[in-house]
């Protein structure tokens, strides 16, 4: 009880509620134990009651305990008046409802939290209510509520969504997934499925569950991107599968020592009618027992596999055999690849049977060409010899020794040229001859053919091996002809034992140096080779300077010395090969 | 050259054969029969006496010089001087060796070398 001015009288229960003694309370005013925020309301209620506008009042308010904490109370108050209607005191019944209020607050806080979550979720949440026909069959469902994610994707506010029938909202009768949702409601078991919304053009992963009788929620996740990725992966897979299958090389995958996958080409190459004939077998079961190098196929294959697995890609030729045992020449490359935690080997096998045949054909054609070239050189040489013989015959038939000498000289030159062709068809490379051998043979030929002159000339050679092309060899031969001819005609007018020294060497700059020296009478005093009327000298100078682009010099130190120096054509400077 | 020798010259190139024959006669050869095939050489060797044969290996007919020499060797022991354009050829050498030729000359034959070979056979 409290007086209109606030004095308090209370029962022990109220004293316990606030932790005061009855004496404490008698000394306090109502305002002292009322929560300051609630005093205005308390004062208003008291005034209403005092004014007689209401007979009683009920409110929820807080009281302050002695220890400073506040309690919630359900407060019912009536104003007692005396018989003249004057206020006596307020009679107040108080129930401590602190626990209830706190529980409500906690619930509200929890609801608020879930609502925030509901709104903030990226997932689309829609709450539905079943719609049944008279027979109790579910025929539709109504949208009860939805979250912001749904508003966004639907492009409309929830006011325009709520309470609409799904058949109307989605424009389809029956509405989407009606049977599925009916089952969810009936069995009270959640369902998970993927759905494609044609109007939205998006894929969703949906979970549906019952949240109260006759009501169910759907939580949908937009998985359009994931779907696209999956489709891309599937396309890629198909693309690579096509590459794998349409490759002209056999491609195989091995784990350990055995094949675990292969393409179509592998089956055709190895003469298998199906993968089961190929897969699960090691490569040496498709090889002869021994490889061409004499090693056992099994040992060699294992070594190569081990090396590839160790990370060194292997490329080698291999003799395989088909299922029927027929041989298969192949070029194989082995690479290791890691998928997951497993090491696999990828083998690419190329049938090189055709290539081998082709290479052999080229070799044969090359050999044939070489034979033909040799034959042409040989015929050329023969023809030159025939021309030589013809001239000899004619010269003798004329019976004039002077004309015979001229013919003889020409025959020597023809033979010199024929010798180049002979050397060419005898040489290994058909394009060049060794100048050392040529000079040596030619010197023998020329001294032989001049034996008739009665001057025994010995030839001393100091020759270096120099390979030269035909273009250099022919003029060299003619030059030696001129020089020898000079020796036999002029060097030893009184006969006697003559000596010719020929030196052939390579200069530092790659040029060829040819020294030709005799021990004859030497050159006349004041000899100027450029002012010679003899055809022989003119020919000599022309051959050296004009044809070989070289230099020629004469010296006369006990006999005649001629030094010739000429460069080799481009591509031949290297000399020995 | 020892005068009056009878020589069978087997050479299919007409001009070369003519030239060689001319030279041999000029050098004192008594009789020089020239044939161009191995078959003719065998026939001549059968019917006529010769002091020696100068044989080109490459001949016009089916029979080459080596085969002709081998055939002749079967019925007559006449020294043979071979002439060839392929003196280094292993096959050629392997074939001529068993015939124990008196000489093997390189073509074109230097006439003086031929005379020297003939002289060594004749002595």
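Residue numbers (this note's numbering), protein chains in the order written: chain A, 6 to 582; chain B, 226 to 348. For glycine and all other residues, C-beta sits at the position ideal for the given N, C-alpha and C.
{"Check": "Just list the beta strand (DSSP E) runs in the segment 297–337 of chain A, keeping only unbroken ones of 3 residues or longer that don't cross its boundaries, in chain order.", "Outcome": "319–326"}
{"Check": "Pull up the distance between the alpha-carbon of residue 103/A and that of residue 217/A, whole angstroms please.", "Outcome": "30 Å"}
{"Check": "Using a cut-off of 8 Å between C-beta atoms, extract the partners of residue 490/A located in chain B.", "Outcome": "Correct list: empty, because the minimum Cβ distance to chain B is about 16 Å."}
{"Check": "Counting only C-beta atoms, is residue 244/B closer than 7 Å to chain A at any point?", "Outcome": "yes"}
{"Check": "Which chain B residues are close to residue 395/A, counting only those with a beta carbon under 7 Å from its beta carbon?", "Outcome": "240"}
{"Check": "Please work out which residues of its chain come closer than 6 Å, Cβ to Cβ, to residue 318/A, disregarding the five sequence neighbours upstream and downstream, and give them in chain order.", "Outcome": "340"}
{"Check": "Could you tell me whether the Cβ of residue 228/B comes closer than 7 Å to any Cβ of chain A?", "Outcome": "no"}
{"Check": "Output yes or no for whether 7 Å exceeds the beta carbon distance between residue 565/A and residue 528/A.", "Outcome": "yes"}
{"Check": "Hey, is residue 328/B's beta-carbon within less than 7 Å of any beta-carbon in chain A?", "Outcome": "no"}
{"Check": "Please list, in chain order, the chain B residues whose beta carbon lies closer than 9 Å to that of residue 401/A.", "Outcome": "244, 247, 248 and 251"}
{"Check": "Measuring only between beta-carbons, confirm whether residue 390/A sits less than 7 Å from chain B.", "Outcome": "yes"}
{"Check": "When the Cα atoms are used, what is the spatial distance from residue 604/A to residue 153/A?", "Outcome": "Given a span of 6 to 582 for chain A in the structure shown, any question on residue 604/A remains unanswerable."}
{"Check": "In chain order, what residues of the same chain have a beta carbon less than 8 Å from the beta carbon of residue 314/A, not counting five sequence neighbours either side?", "Outcome": "341, 348 and 350"}
{"Check": "Taking the alpha-carbon of residue 266/A as reference, which of 254/A, 276/A, 86/A and 280/A has the nearest alpha-carbon?", "Outcome": "280/A"}
{"Check": "For the segment 278–299 of chain A, list every residue whose C-beta sits within 9 Å of some C-beta in chain B, in sequence order.", "Outcome": "none"}
{"Check": "Can you find a CB in chain A that lies within less than 7 Å of the CB of residue 338/B?", "Outcome": "yes"}
{"Check": "Looking at the unbroken alpha helix (DSSP H) that takes in residue 393/A, where does it start and where does it end?", "Outcome": "358–403"}
{"Check": "Under the DSSP definition of a beta bridge, which residues are partnered with residue 132/A?", "Outcome": "150/A and 222/A"}
{"Check": "Excluding sequence positions up to five away, which residues of its chain have a Cβ less than 8 Å from the Cβ of residue 13/A?", "Outcome": "6, 7, 30, 31, 33, 34, 35 and 38"}
{"Check": "Around the C-beta of residue 268/A, are 16 or more other C-beta atoms found within 10 angstroms, so that it is buried, or is it exposed?", "Outcome": "buried"}
{"Check": "Under 7 Å, Cβ to Cβ, is there at least one residue of chain B near residue 428/A?", "Outcome": "no"}
{"Check": "Under 9 Å between beta-carbons, which chain A residues line up against residue 290/B? List them in chain order, please.", "Outcome": "In chain order: nothing, as chain A lies at least about 15 Å away."}
{"Check": "Where DSSP assigns a beta bridge to residue 540/A, which residues make up the other side?", "Outcome": "Answer is none; residue 540/A lacks a bridge partner."}
{"Check": "Could you give the first and the last residue of the continuous beta strand (DSSP E) run that contains residue 98/A?", "Outcome": "92–101"}
{"Check": "Assuming residue 350/B and residue 324/B form a contact by the criterion Cβ under 8 Å, report the distance between their Cβ atoms to the nearest whole angstrom.", "Outcome": "Nothing in the structure corresponds to residue 350/B, since chain B is present only between 226 and 348."}
{"Check": "Please list the partners that residue 286/B has in chain A, where partner means a Cβ-to-Cβ separation under 7 Å.", "Outcome": "By Cβ distance, chain A contributes nothing, its closest Cβ being about 17 Å from residue 286/B, past 7 Å."}
{"Check": "So is residue 343/B in contact with chain A if we call contact Cβ pairs under 7 Å?", "Outcome": "no"}
{"Check": "Hey, how far is the Cα of residue 303/B from the Cα of residue 297/B?", "Outcome": "8 Å"}
{"Check": "Given residue 392/A, which residues of its chain have a CB within under 8 Å of its CB, disregarding the five upstream and five downstream residues?", "Outcome": "419"}
{"Check": "Do you know how far the Cα of residue 471/A is from the Cα of residue 582/A?", "Outcome": "With a pLDDT of 40 at residue 582/A, under the threshold of 50, the modelled position of this residue cannot be trusted; read the value that follows with caution. So the alpha carbons of these two residues sit roughly 10 Å apart."}
{"Check": "With 7 Å as the threshold, decide whether the Cβ of residue 335/B is near any Cβ in chain A.", "Outcome": "yes"}
{"Check": "In the DSSP assignment, what residue or residues form a beta bridge with residue 311/B?", "Outcome": "Answer is none; residue 311/B lacks a bridge partner."}
{"Check": "Helix, strand or coil, according to DSSP, for residue 430/A in the structure here?", "Outcome": "helix"}
{"Check": "Under the three-state reduction of DSSP, which class applies to residue 164/A: helix, strand or coil?", "Outcome": "helix"}
{"Check": "Would you kindly check if the distance between the Cβ of residue 279/B and the Cβ of residue 269/B is under 7 Å?", "Outcome": "no"}
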